[in-house]
Structures are given as structure tokens and as C-alpha cells.
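**Q**
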Amino acid sequence: MRNLADALIEAITYISIAPGDDDRSHADVQALESLVATLRDSSPEELEALRAALNRARAAAKASGDPSHDLEGTFRAIEENILETGDE
Numbered sequence: 001m002r003n004l005a006d007a008l009i010e011a012i013t014y015i016s017i018a019p020g021d022d023d024r025s026h027a028d029v030q031a032l033e034s035l036v037a038t039l040r041d042s043s044p045e046e047l048e049a050l051r052a053a054l055n056r057a058r059a060a061a062k063a064s065g066d067p068s069h070d071l072e073g074t075f076r077a078i079e080e081n082i083l084e085t086g087d088e
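Taking the UniProt record's numbering, the leading residue of the sequence shown gets 1, the next gets one more, and so forth.
#1: My guess is that Ala-52 and Ala-11 are in contact by the Cβ rule of under 8 Å, so how many angstroms apart are they, rounded?
#2: From the DSSP output, in three-state form, read off Ser-64 for me.
#3: State the Cα-Cα distance for the pair Met-1 and Glu-45, rounded to the nearest angstrom.
#4: Go ahead and label Ile-17 buried or exposed: buried means 16 or more other beta carbons lie within 10 angstroms of its beta carbon, across all protein chains shown.
#5: Where does Ala-59 land, buried or exposed, given buried means 16+ other C-beta within 10 angstroms?
And the structure:
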């Protein structure tokens, strides 16, 4: 489950901050909405795996010495829109 959680966090992060044209941006928003809707129904174990993956991604960004504002905003959005919602 660790690899899947890492891949999901990486995909969400990439889609969120990758530059794109208007057509791609619309498709990106749809993809993110679909991922968020699906992940909100995750089991407690799955949410914990996602939380751990998010923590690993955040630590890696910090260790790289270049944690961008956009990246940190994406990490916060994942917490607020997936992890905290799933805990309710």
C-alpha cells in the first residue's frame, strides 16, 4: 500500500502544480476532482498510508532545499480535502 500511496500523492502534486494550457488545465481539474472524490471514501488504513506518503513527500521537498509555496499549498490542500475529510 505504501507504493500506491506514494504514487497517488506524487500524481496529485504533479497535476496540481504542473504548468499547462487552458485545455489541459480543465482536464487536470477534472482529474483532481475525481481523485479527491474517490480518496474521500478511503478506509482508515488507506488514509493512514496517504498521510504517511504525504509526510514523506513533504520531508523530501524540505530536504531538497526548495519547497515552493505552490508545493506546500498543494500539501495543505491534500490534508484539508482528503485526509481531514476522510477522518470525519
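Ideal Cβ placement from N, Cα and C applies to all residues, glycine included.
**A** A quick look at the data gives this:
#1: The pair is not a contact, with the Cβ atoms about 16 Å apart (cut-off 8 Å).
#2: coil
#3: 9 Å
#4: It is exposed - the Cβ of Ile-17 has fewer than 16 other Cβ atoms within 10 Å.
#5: exposed
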